[in-house]
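Residue numbers (the working numbering): 1041 to 1248.
For every residue, glycine included, the Cβ atom is placed at its ideal position computed from N, Cα and C.
This one's a predicted model, so the numbers in the text were calculated from it and none came from an experiment.
Right, one structure below, let's go through it.
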Ligand code: GRF
């Protein structure tokens, strides 16, 4: 039997919804393709389906509702304390639909990543598939980046792209992009856990 590492690389994953990226990470761990552990899953919505995925995988969950706090600073201070309890090596944003305060982002600088459904720096923000189609682009893709104060603007770690065909729709792109995300996110997390991807003075350094 394979021995478990004494000090596994710990993730805290933040979600807001369906949680398919969370599931991809859970599955990669289960299939022994990703040598990390998920210490907790945190959602800003109580109805996020990803919470059920976490419960199914016996991962502790927390819900932080906006309505329980008087402002973003208070919210993020409570969120930061909760994340810190787990002493994570990496905070993973997986469809977390809330803008984090600079204070929180800076607290986790170099230890917090996000996945975005576009080839950043193109198409920051929401509804990327519709905007990519409206922009008559010939390719689309996915970006994993470190999170900084600039929304969807942190240093890029890795991207994967696909061609756009004339019969593609928002729905077909959504499916293809999700598929790419599910391959890319576990891979990048593995590279960070293995110290093949590093944050050095605000820049990404990749080695093999
Ligand atoms: C993904 O497309 C991700 O790129 C974006 O939010 C979506 C989350 O999907 N940030 P899921 O909840 O992981 O299924």
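Judged by DSSP secondary structure, residue 1199 falls within the beta strand (DSSP E) whose first and last residues are 1196 to 1203. Bridge pairing for residue 1117: absent [DSSP]. If you ignore the 5 residues before and after residue 1239, its C-beta comes within less than 7 Å of the C-beta of 1150 and 1186, all in its own chain and listed in chain order. Residue 1198 holds the alpha-carbon nearest to the alpha-carbon of residue 1247 among 1093, 1198, 1085 and 1102. The segment 1173 to 1180 and the segment 1134 to 1143 do not touch, with fewer than three beta-carbon pairs separated by less than 8 Å. A straight line joining the alpha-carbon of residue 1160 with that of residue 1135 spans about 16 Å. When DSSP reads this structure, residue 1080 sits in a beta bridge with 1052. Secondary structure of residue 1166 (DSSP, three-state): coil. Excluding sequence positions up to five before and after residue 1120, its CB lies within less than 7 Å of the CB of 1144 and 1147, all in the same chain and listed in chain order. With respect to residue 1106, residue 1084 sits close: the two C-beta atoms are nearer than 8 Å. Between residue 1214 and residue 1192, the C-beta spacing is not below 8 Å. Restricting attention to 1092, 1152, 1153 and 1208, the CA atom closest to the CA of residue 1169 is found in 1208.
Residue environment analysis places residue 1114 among the exposed positions, since fewer than 16 neighbouring C-beta atoms fall within 10 angstroms of its C-beta.
With respect to the C-alpha of residue 1229, the residue from 1067, 1074 and 1058 having the closest C-alpha is 1074.
As a beta-bridge residue in DSSP terms, residue 1179 pairs with 1203.
Buried is the label assigned to residue 1225, since at least 16 other Cβ atoms lie within 10 Å of its Cβ.
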